[in-house]
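Residue numbers (this note's numbering): 410 to 800.
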């Protein structure tokens with residue numbers, strides 16, 4: 410009898426213990442565990458599962474999250490509710506701002522001697538807080554009256570105290586190019602609008618005659634961009650024409666022009682490691698098409714590009730291959746050999762449709778070689794022909 414009583418008591422104890430253990434496991438002991446110091450960046454992405462450190466007897470897929478009280482756009486502490494196996498777990502998540510503002514447009518700057526550069530042009534600063542961030546510029550060490558390399562400091566701080574300091578290199582150089590022709594008899598063959606499937610053919614002809622040239626490239630045919638590096642390695646000069654060659658885009662405004670120029674500059678930098686400072690305006694500096702989009706823009710651009718350390722090159726010799734596609738070879742030769750200045754800069758084009766330009770090139774080179782001219786690529790001392798500005 411006593412044994413039966415003990416057995417009953419034992420069974421009751423086991424049952425009570427089991428029930429207690431079940432109640433503890435189910436209703437008392439936490440089965441969902443969180444990491445410490447739960448934070449999310451303001452205006453960032455809230456990933457509820459990333460805050461869970463352990464899910465007992467299950468996975469994060471079994472956990473639901475209710476975050477309607479969380480305002481990701483405002484700093485502060487917010488209660489978030491998770492549900493696992495019909496049990497709610499509340500935790501606090503703090504919206505914080507620990508990220509520094511970010512500058513854009515602080516590439517190295519090249520300016521001409523005795524100019525006043527706009528150190529804010531093209532510079533932007535943003536922050537994950539989306540607030541309007543102001544920045545300061547310390548240019549006390551910049552002296553544009555002397556050639557050299559200087560550092561200008563840009564500082565920005567958001568309302569949370571996150572501060573960024575960036576140093577920008579500013580190169581002060583002599584004005585590129587000469588406004589007077591040299592006494593040396595030199596032809597500067599220039600090819601606009603490439604690279605193209607004709608670039609290699611042009612380079613082969615130049616190599617045959619030991620002639621150097623200048624390629625004013627665009628961003629319109631980037632399948633052939635590898636030829637930019639090939640031309641550079643062959644000793645030719647790489648210069649900038651335009652990224653888009655869409656007049657309505659390029660000449661929409663001064664900012665639009667420099668945006669286009671910066672794009673083609675960065676494209677070329679990927680191929681040869683630097684941004685050239687020799688440029689040619691689409692249509693030349695004397696173009697009138699720009700009037701349709703922005704009155705007076707060429708008068709402004711011809712000054713600003715020089716102040717920014719570029720030099721633009723028009724031409725005093727013209728093959729006239731821009732007059733149409735597949736222009737007769739004899740016409741190209743006749744026009745391409747018509748200038749006999751000491752320094753001759755000949756306008757040609759490098760596109761798929763300019764096959765007759767390729768065909769005319771040997772005769773043009775031979776004509777000038779017979780007259781004692783050499784063929785060079787543009788360099789810093791090269792004569793820069795400038796046409797009359799008409800807008």
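Cβ atoms here follow ideal geometry from the backbone N, Cα and C, with glycine treated the same way.
Report buried or exposed for residue 785, applying the criterion of at least 16 other Cβ atoms within 10 angstroms of its Cβ.
buried
Could you tell me which whole beta strand (DSSP E) segments of length 3 or greater appear in the stretch 501 to 571?
511 to 513, 518 to 521, 533 to 535, 544 to 547 and 557 to 566
Here's a check: name, in chain order, each residue in its chain whose Cβ is nearer than 6 Å to the Cβ of residue 486, leaving out the five neighbours to either side.
501 and 503
Would residue 546 and residue 518 be called neighbours here (beta carbons separated by less than 8 Å)?
no
For the alpha helix (DSSP H) that residue 740 lies in, which residues bound it at each end?
738 to 745
By Cβ distance, which residues of its chain are closer than 8 Å to residue 765, with the 5 residues on each side in sequence left out?
730, 735, 736, 737, 738 and 741
Classify residue 565: buried if its beta carbon has 16 or more other beta carbons within 10 angstroms, exposed otherwise.
buried
Secondary structure at residue 587, three-state DSSP: helix, strand or coil?
strand
Candidates 752, 792, 791 and 798, of which the one nearest residue 782 by Cα
752
Residue 757 vs residue 598 beta-carbon contact at 8 Å
yes
Considering only the alpha carbon of each residue, which of 469, 456, 449 and 693 lies closest to residue 442?
469
Validate contact between the stretch 785 to 797 and the stretch 717 to 730 using beta carbons, cut 8 Å, 3 pairs
yes
What I want to know is whether the C-beta of residue 777 ends up closer than 7 Å to one or more non-hydrogen atoms of the ligand GDP.
Of ligands this structure carries none, so the ligand GDP is not represented either.
Do residue 563 and residue 579 have their beta-carbon atoms positioned less than 8 Å apart in this structure?
no
Under 8 Å between the Cβ atoms of residue 604 and residue 636?
yes
Closest by CA to residue 688, which one among 571, 600, 540 and 494?
600
To the nearest angstrom, how far is it from the Cα of residue 697 to the Cα of residue 576?
40 Å
Cβ atoms of residue 667 and residue 467: under 8 Å apart, would you say?
no
Mind checking whether residue 523 and residue 476 have CB atoms under 8 Å apart?
no
Going by alpha carbons, who is nearest to residue 630 out of 759, 591, 695 and 452?
759
Counting along the chain, where does the alpha helix (DSSP H) carrying residue 656 start and finish?
656 to 659
Roughly how many angstroms separate the alpha carbons of residue 676 and residue 638, rounded to a whole number?
11 Å
Taking the continuous beta strand (DSSP E) assigned at residue 601, which residues delimit it?
595 to 603
Looking at residue 509 and residue 573, is the spacing between their C-beta atoms short of 8 Å?
yes
What are the boundary residues of the beta strand (DSSP E) that includes residue 653?
Looking at the DSSP string, residue 653 is not in any beta strand (DSSP E), and its letter there is neither H nor E.
Residues bridged to residue 580 by DSSP?
519 and 558
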